[in-house]
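Per the numbering used here, the sequence shown starts with residue 777, numbered consecutively.
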Amino acid sequence: MKDKSFIDTNIFVYAHLDDTKNGAKSNIALKLLESLPVLITSTQVLNEYYSVLLKNKVADNLIQDNVETIIDITDIHVAQITTIRLAHKIKLKYKFSYWDSLIVASALEAKCDILYSEDMQHKQLIENTLTIVNPFKG
Numbered sequence: 777m778k779d780k781s782f783i784d785t786n787i788f789v790y791a792h793l794d795d796t797k798n799g800a801k802s803n804i805a806l807k808l809l810e811s812l813p814v815l816i817t818s819t820q821v822l823n824e825y826y827s828v829l830l831k832n833k834v835a836d837n838l839i840q841d842n843v844e845t846i847i848d849i850t851d852i853h854v855a856q857i858t859t860i861r862l863a864h865k866i867k868l869k870y871k872f873s874y875w876d877s878l879i880v881a882s883a884l885e886a887k888c889d890i891l892y893s894e895d896m897q898h899k900q901l902i903e904n905t906l907t908i909v910n911p912f913k914g
């Protein structure tokens with residue numbers, strides 16, 4: 777299936793943190809999430825999202841409600857041993873951090889075409905199948 781999009785943590789964070797510093801990013805993230813036909817994310821993203829919102833002093837019950845919403849609107853890739861092994865190969869080949877490599881490996885295993893993230897090189901092609909897109913770039 778084409779147009780399967782993997783959503784990294786920062787997209788969900790910007791979509792849910794409404795502040796004046798990141799207002800433009802918040803609007804872009806919300807519009808992106810609303811416009812995509814198929815959303816994929818991972819258990820790693822859910823955990824990172826929870827952690828980031830806690831650090832931003834968002835109420836625990838609100839975070840949990842948001843996590844439930846993310847679960848409802850996305851397909852969740854659960855990291856397996858194969859994901860960890862692939863992440864290691866991605867890390868060595870592309871020189872990503874381990875955590876970014878695990879995101880990329882999850883997106884590849886989920887057969888996504890696009891990985892939306894602010895954290896990696898915009899328009900980089902991974903394994904000839906996955907393109908990293910930073911929605912906040914021009």
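C-beta atoms are modelled at their ideal positions from N, C-alpha and C, and glycine is treated no differently.
Computed from a predicted structure; not experimentally measured.
Taking residue i and residue j to be in contact with their CB atoms under 8 Å, please state how far apart those CB atoms are, rounded to whole angstroms.
i, j, result
"I879", "T907", "Not really, about 14 Å apart at Cβ, beyond 8 Å."
"I825", "V843", "For clarity, residue 825 is Tyr in the given sequence; the question names Ile instead. Rounded, the Cβ-Cβ distance is 7 Å, consistent with contact."
"L868", "N832", "Wrong, their Cβ atoms sit about 33 Å apart, outside the cutoff."
Give every residue of the same chain whose Cβ lies closer than 6 Å to the Cβ of residue i, excluding the five residues on either side of it in the sequence, and list them in chain order.
i, result
"L862", "A881"
"P911", "I804, L808 and Y892"
Looking at the unbroken beta strand (DSSP E) that takes in residue i, where does it start and where does it end?
i, result
"L891", "I890 to Y892"
"T817", "V814 to S818"
"V909", "L906 to V909"
From the options, pick the residue whose C-alpha is nearest to that of residue i; which is it?
i, options, result
"L806", "S818, I816, V814 and A791", "A791"
"L812", "Y892, F912 and T858", "Y892"
Answer with buried or exposed for residue i, where buried requires no fewer than 16 other C-beta atoms within 10 angstroms of its C-beta.
i, result
"L809", "buried"
"A883", "buried"
"L830", "exposed"
"E735", "An answer regarding residue 735 cannot be provided, because it is not within the stretch 777 to 914 covered by the chain."
"L901", "exposed"
Specify, as a first and last residue, the run of the alpha helix (DSSP H) that residue i falls within.
i, result
"F788", "T785 to H792"
"D851", "First-last for D851: D851 to H853, but that is the beta strand (DSSP E), not the alpha helix (DSSP H)."
"V895", "Note that residue 895 is Asp in the sequence shown, not Val. Counting along the chain, D895 falls outside any alpha helix (DSSP H), and DSSP gives it neither H nor E."
Who are the Cβ neighbours of residue i in its own chain at under 8 Å, not counting the five residues just before and after it?
i, result
"L822", "V843, I846, I847 and I852"
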